[in-house]
Structure formats: structure tokens, C-alpha cells
Amino acid sequence: MKFHWFNLMPWPYLPDDFTEKHRSVWVDVDSRLFDARKANRIYNDYLDLLELAEDVGYDGLGINEHHQNAYGLMPSPQLMAATLARRTHRAAILLLGQSLALYDPPTRVAEEMAMIDCISGGRLISGFPVGSSMDDNYACGVNPATLREKYHEAHNLVRRAWSDPDVFAWNGKHYKLRYVNLWPRPIQTPPPIWIPGGGSLETWDFCAEHKYNYSYLSFSGYIRGAQLMEGFWQRMEQLGAEFNPYQAAFAQQICVAETDAEAKRLYEKHARYFFSRCLHVYPGFADAPGYRTEPTIRAGLVTQMAGQSSALNQAAALSWEEMIEKGYIVAGSPDSVAAQIEKVIDTLKVGHLVCLLHFGDMPNDVCRYSTQMFADKVMPQMRSKWAGYEDHWYPKAMPLEDRAEPRTVTPFPASLNEPPRKRVAEVK
Amino acid sequence: MNLETIAVGPARRTVYYYRRGHGQPLLYLHHMLGIVGFEPLLAKLAESFDVIAPYAPGWGPAKDQLEDIDPGALDITLHNVDLLNALGVKSAHVMGISIGAWMGAELAAIAPQRVLSLTLVNPLGLWLDGVECADPFAQHPGMPSEIQFSERGLRKSLLLEGRDKMDAHVEELLNLRASAKFLWPIPDTGISRRLGRIEAPTLIATSEKDPIVPAAHGVAWRDAIAGSRLTTIAQAGHLAGLEQPEACAALASDFVRDHAMSAVA
Chain A
786 MKFHWFNLMP WPYLPDDFTE KHRSVWVDVD SRLFDARKAN RIYNDYLDLL ELAEDVGYDG
846 LGINEHHQNA YGLMPSPQLM AATLARRTHR AAILLLGQSL ALYDPPTRVA EEMAMIDCIS
906 GGRLISGFPV GSSMDDNYAC GVNPATLREK YHEAHNLVRR AWSDPDVFAW NGKHYKLRYV
966 NLWPRPIQTP PPIWIPGGGS LETWDFCAEH KYNYSYLSFS GYIRGAQLME GFWQRMEQLG
1026 AEFNPYQAAF AQQICVAETD AEAKRLYEKH ARYFFSRCLH VYPGFADAPG YRTEPTIRAG
1086 LVTQMAGQSS ALNQAAALSW EEMIEKGYIV AGSPDSVAAQ IEKVIDTLKV GHLVCLLHFG
1146 DMPNDVCRYS TQMFADKVMP QMRSKWAGYE DHWYPKAMPL EDRAEPRTVT PFPASLNEPP
1206 RKRVAEVK
Chain B
525 MNLETIAVGP ARRTVYYYRR GHGQPLLYLH HMLGIVGFEP LLAKLAESFD VIAPYAPGWG
585 PAKDQLEDID PGALDITLHN VDLLNALGVK SAHVMGISIG AWMGAELAAI APQRVLSLTL
645 VNPLGLWLDG VECADPFAQH PGMPSEIQFS ERGLRKSLLL EGRDKMDAHV EELLNLRASA
705 KFLWPIPDTG ISRRLGRIEA PTLIATSEKD PIVPAAHGVA WRDAIAGSRL TTIAQAGHLA
765 GLEQPEACAA LASDFVRDHA MSAVA
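Below, the structure written as C-alpha cells:
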């Protein structure tokens, strides 16, 4: 069983009256609420937490992409991945992911991911979501009527660019490139591909066809997620795919303390901030016409935000105990959390748990505490789950002994006969 | 009144259309929500014209044709020319509402000899910086076309009532998807560069209660098309043809009678 530490990177200073005074946290959120000087601290805190997660034993460091969004400050997950590639050494870099149809040419994504894979020694997991309607259609202006065909073409182009050793011409419907010839190329051939999705039938079939990991990034927790994951596994069986729990990942809000009471005291307010302010999305941005296909509409599957907005609004109104009971959040003492996590794993049959240990306006020290507790007291109890299955969706990095590590660089001496000069920082 | 079909153009694309009435032909080009059965508007127009009302590729029964059409002016205009050819109609009066008004204007600009007169109701296709207009595609997914009606409840009574709930909702979303293909992310189709080519007598009408095509757009269309006239439809929303079929039909028939008959002679 693998555990990934994932941070949405929310803006923690949305005012108390945010939901009354503003219609959406996403797309047209008021930029006057942003403060770049505070962001200096926030980005560095969040990156510190990701680095800590590796130190305490998480298997992957999760980052993702959102645009014009006050709960997700990562328009470019590649930038986060780049710094993690340098400052971490063991964990997978779970880039979950990059919406391919937003980039023209999409080979730019292939190039950047190849760079990250090279710098990190082959630790990249490449996530290729279609992307949310808020990001793709409204913030980035991609036409919803052609989004999916564009996505599929971009995917095919990236896969070929990573693998074809020869220069080739790409005469697609959406992209035309006379010379495709990727420099650099990834260490892994290719990096494991994960497809983050909400609930669209096409995504399941796509994962089955290409043997990709399906990552259900839900905010409404494992109890509401169970039906959808059940649908996924049934579809995989119908399509003749052999069951392997590592082919699926699920995201869950989690927080751990010494006791259930302490968990409530420490984390409840941050969970409320997340469910009420961070997920306050104007429904008109949730589902552009054409974003969902006809089979998905007819199956009653709704997009994350459109479908969940009512459920999530309810979550904000629930008591702490009800939030836990209904699975929106897994919280409590290590033993309570372990019992709930076991249910998550067994119900959803997932081999990868994407742990949302930071949520809302949780301060750095509180999150460090929860992160450490989960790693020390919960993860070890679950490690042997799915022991009989091979994980084909985790990076196969270069052996540690062969890998380059960042070095402390000393200034070159003015003359080879002199001792090296001291660095500016050391002089101070 | 049943839908008819005809194969048009070199690709033999199927067009689903209604046709009724006598007199000079009138090509009716529908709005973003397609055609809602043989609408009262079509029945009323058929009292004065030989009405031809096709579903555009991507809408209604032609939903699967959307992929074959590029979003610019050329494909859709050639398609409409192909349709007129297939029907043996040399030239026709053209009435369009909403996105259909844009398609009609393109036809008149690119193939002026095929258009006898042009009646454009709440035409989309222009973008005016600084003029506030509602985004028809940023609406609650549970009632995505509510904004196109002047009052709450009209969507249900004029668009959905009497039909299977799921079918009606799916068609509503797919029709909006087709509209989005041409109008995303802002409805600037580039027609401003071609409006000066329109020769047909042209009437422009905007609805009093249409937040999507505000009155300033009507003025801009009138100013761009030489000799065109501008009028207002009181109390109506964007889908004026559904809300006020008689008034809309009268717009076209009165305009043709008063200003466009000479074009036919």
C-alpha cells in the first residue's frame, strides 16, 4: 500500500464573509484578496511541507494544476516539481497533473516532464487529466465542444514524442508540427501515467485501454466515492482488465492527533474553511456545455463541482462528527484513523492513497504534526495491504548510487594555488 | 408535421428539416436551442412563405455532425448553400435568431445572390468592448438555458414540457454544446469584417429583455449593414421566436412586404 502526501496549496486568507460577498473561489475570484508578499511565505511553507513528507516516509509528493483559483495556487505544477526534483531524493514526484489540451504545442508538456524526470533521476509520475471545466473552458478559454478530441490528440502526440526516436511530422486536427523531436527525453520510458478524473465513463475506458492508473480526486470522501469506484472496477472487469489495486488512487482528507478530541480541536476549523470557502464555486462555471459527453450525462454522472456542490455545501453545514461519519474527512486518534483508512482501502480497493493532510487554512505547524502522526502511527499498520500485487504505476527511478545529487558549490578560486573563496552567505 | 431529410453537398450530409407553406421561400435558421418541434413561429411564417427550417449540423437529430464542421464561417455557409442547391431553391428570404442570425448574415455576405432579404433577431457574432452582455455558457448546469428566456418558468413551459425529462435535458445541453463550438469563449465570429458585403434588405431586431444581445449590439449591426433597419421586440428574451412567435413572424412578413418584394420581381 502506498501513501502520497498531496497539497492543493490553498490561499489561507479568504475572509469570513467570503461566501456571502463573492460568488466563486474559482475563475472570477477577486484578485484583491491575493497578497503577493504573503504568498512568498505561503509557497515556501507549502514546499517545506512537501519536503518534510519525504523525510517522514511518504511514497509520493503530490501537486496539481489549477488556474484562477484561490484554493489551488499552482497554475504550473511543473514549477513545483522542478524544485522538488532538486530538494528531495527518494519519493515519487506525483504530478497530478497537467491538462494537455491547454498547451499548444502540447510537446511543451512532454519536454518539461522529461526535464523533471531527468533532474529527479526518474521519479516522475505524469498525470494527464482532461482538466476541470473551470480551468480548461472558463479560465483558459478552451472550447468545450472540442476539448476531449483535443485532449486525446495531445495525449497521442506526447506519447509518440516520448517514444519515437526519429523526427516525425504531426498533421493533426488541432496540432500541426512539421518537426517533432524531443530534447530532452525522460529516463522512464515512459513515466507512469495516471489519469485524474471525476466521473466520466470515457476516462475509465481510456485507463483500461492504455493500462493507466485512474485517480479519483474527490473532495467528498470515501463513502460518497465508493459508488463511483465500484463503477470503475466493474467497467474494468467488463473490459477484461486484470484487477490490480495499484491501478487506482483515491484522494481523501485526513488528519491525526493524539486523541479524537484533540483532532476536533486542532482541525475542525480548517476543515470548515475548506468545505465552505475553498469549495465555494459558482455553478455556472462547473460544467460548460459539451464538457460532459452524452453517455456521461445519461449515466447521471456529474462533474466534481457541479455534482458535489450541493453535497459539499451540506458538508460545510455538518457537525464535525457527521463530517467523519459521512466520510468527508478521516480524523481522530491514530487508532481511529487507522480503522477508517482500512475501510477506505478495502471499500475502494485502491493501492494508492492520495492523502490530503493539508486542507483549508491549516497552519504549517499543525499540518506538520498531523503529517508526522499519520506517517509514524497509521501508515505502518497498512503497509502490508495488497502485498501480493505488483505496482506497475510507481516510478522506476535510477538506482540511488548512480544518481546525481545536488552539491554544495564552492566558488572557484581566482588562482588554482589559492584556497577556495568563502561563499557570500558564509562571510555574513 | 414531420421532419424531412435530404442529403446535401459532396459529402451527402443529411439535413433534417421542416417545410411547409406557399409563396416565396424563407429559410429559417434557428437559435442556440435548435427547433422545438414544428414551432408556432414556423406555423405562423408558413402563412406567408414556403418555410424551410433545417437543423444546423450539431443540433437536435444532427448532433453527431458537429465534428465534421469547422467553427468558422466557411463550413456552415457552404452547408447552407448546399442545402439550397439540394432543394432547388435559387434564392430565399432568410430569417435567423441568435446564432442562426449570425449564420444567415454569413450566407448573405458570402453568397449574396442567394439571399432575397434578411431578418436578424438578436444576432450573435459581434463583440463590443465595454458593452456588458451575459455569458450564455456560464449558467447553472441544471437550467443552462434559463437566461435565454425573459421570465422564470418559460424554459420549462416552452422548451421542456411534454418531453422525456432526460431526453429534453440532454438535447438542451448538446444544442448549447453546438453553439459553444462556434461562439466559445466569446461570441466574436469575425463577421464584423464581412457585414459590409451584405446587399440584401436587412431588418435587425433586438429583444427588450435579452441580456445576451443588448440593445447596443443591434445598433452596431445596423450601422455595419448599409440601409438596414433596426427595431425592438418588447418584453421578449433572447429566444424571442419561442416567446413571441406571432410578433416575430410578423417582423419578417411585414418587412418583406414593405421592403423586399421588389428584390423578387
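The listed protein sequences derive, respectively, from chains A and B.
Our numbering puts the first residue of the first sequence at 786, with every later residue one more than the last.
Our numbering puts the first residue of the second sequence at 525, with every later residue one more than the last.
Note that beta-carbon positions come from the ideal geometry of N, C-alpha and C, so glycine has one too.
If you run the structure through DSSP and keep just helix, strand and coil, what is residue 1193(A)? For residue 1193(A), the secondary structure class from DSSP, reduced to helix, strand or coil, is coil.
By alpha-carbon positions, which one of 850(A), 982(A), 1023(A) ends up nearest to residue 860(A)? 850(A)
Over the uninterrupted beta strand (DSSP E) stretch that includes residue 1140(A), give me the two end residues. 1137 to 1141
Residue 1125(A) versus 1074(A), 958(A), 833(A), 1038(A), residue with shortest Cα-Cα distance: 1038(A)
Give me the Cβ distance between residue 708(B) and residue 929(A), rounded to the nearest whole Å; I'm assuming they're in contact under 8 Å. 7 Å
Please report the residue range of the alpha helix (DSSP H) in which residue 1214(A) lies. In this structure chain A extends from 786 to 1213, so residue 1214(A) is not present and cannot be described.
Where residue 922(A) falls: helix, strand or coil (DSSP): helix
Length-filtered (3 minimum) beta strand (DSSP E) runs lying within the segment 984 to 1051 of chain A: 998 to 1001, 1033 to 1041
Please work out which residues of its chain come closer than 7 Å, Cβ to Cβ, to residue 940(A), disregarding the five sequence neighbours upstream and downstream, and give them in chain order. 885, 913
Hey, residue 557(B) and residue 696(B): beta-carbon distance below 8 Å or not? Yes, these two residues count as a Cβ contact at 8 Å.
Using the Cα positions of residue 962(A) and residue 883(A), report the straight-line distance between them to the nearest angstrom. So the two alpha carbons sit approximately 21 Å from each other.
Cross-strand partners of residue 550(B) (DSSP beta bridge): 575(B), 617(B)
Tell me the DSSP bridge mates of residue 543(B)? Note: residue 543(B) sits in a beta bridge opposite 576(B).
Do you know offhand how far residue 856(A)'s Cα is from residue 1120(A)'s? For residue 856(A) and residue 1120(A), the distance between alpha carbons rounds to 30 Å.
Could you tell me which whole alpha helix (DSSP H) segments of length 4 or greater appear in the segment 912 to 978 of chain A? 932 to 948
Verify the CB distance criterion: does residue 966(A) have a CB-CB separation below 8 Å to chain B? no
Where residue 1082(A) meets chain B, residues with beta-carbon distance less than 7 Å: 694, 697
Using a C-beta to C-beta distance shorter than 8 Å, which residues of chain A count as neighbours of residue 701(B)? 929, 930, 1074, 1075
Within the continuous alpha helix (DSSP H) that includes residue 896(A), where are the two ends? 892 to 905
Output needed for residue 800(A): all residues of its chain with C-beta closer than 6 Å, excluding positions within five of it in sequence on either side, in chain order. none
Quick one: is residue 845(A) near chain B, going by C-beta distance under 8 Å? With 8 Å as the cut-off, residue 845(A) does not count as an interface residue toward chain B.
Listed in chain order, which residues of the segment 657 to 668 of chain B have Cβ atoms closer than 7 Å to some Cβ of chain A? 661, 662, 663, 664, 665, 668
For residue 704(B), which residues in chain A fall below 7 Å Cβ to Cβ? 928, 929, 930, 1073, 1074, 1075
Can you name the start and end residues of the alpha helix (DSSP H) that residue 695(B) belongs to? Residues 689 to 707.
Less than 8 Å separating the beta-carbons of residue 665(B) and residue 1071(A)? For the pair residue 665(B) and residue 1071(A), the CB atoms are nearer than the 8 Å cut-off.
Run down chain B in chain order and give the residues with a C-beta less than 7 Å from the C-beta of residue 1070(A). 662
Backbone secondary structure at residue 790(B) - three-state DSSP: Since the first residue of chain B shown is 525 and the last is 789, residue 790(B) is not available in this structure.
Proximal chain A residues relative to residue 684(B), where beta-carbon distance stays under 9 Å: Those do not exist, as residue 684(B) stays about 15 Å from chain A at its closest Cβ, beyond 9 Å.
Helix, strand or coil for residue 759(A), going by three-state DSSP, please let me know. The shown model of chain A, from 786 to 1213, leaves out residue 759(A), and the question about it has no answer.
With the cut-off set at 8 Å, would you say residue 531(B) and residue 552(B) are in Cβ contact? no
Rounded C-alpha distance that separates residue 581(B) from residue 529(B): 13 Å
Under 7 Å by beta carbon: chain A residues contacting residue 690(B): 1083
Taking the C-alpha atoms as reference points, what is the distance between residue 984(A) and residue 1003(A)? 10 Å
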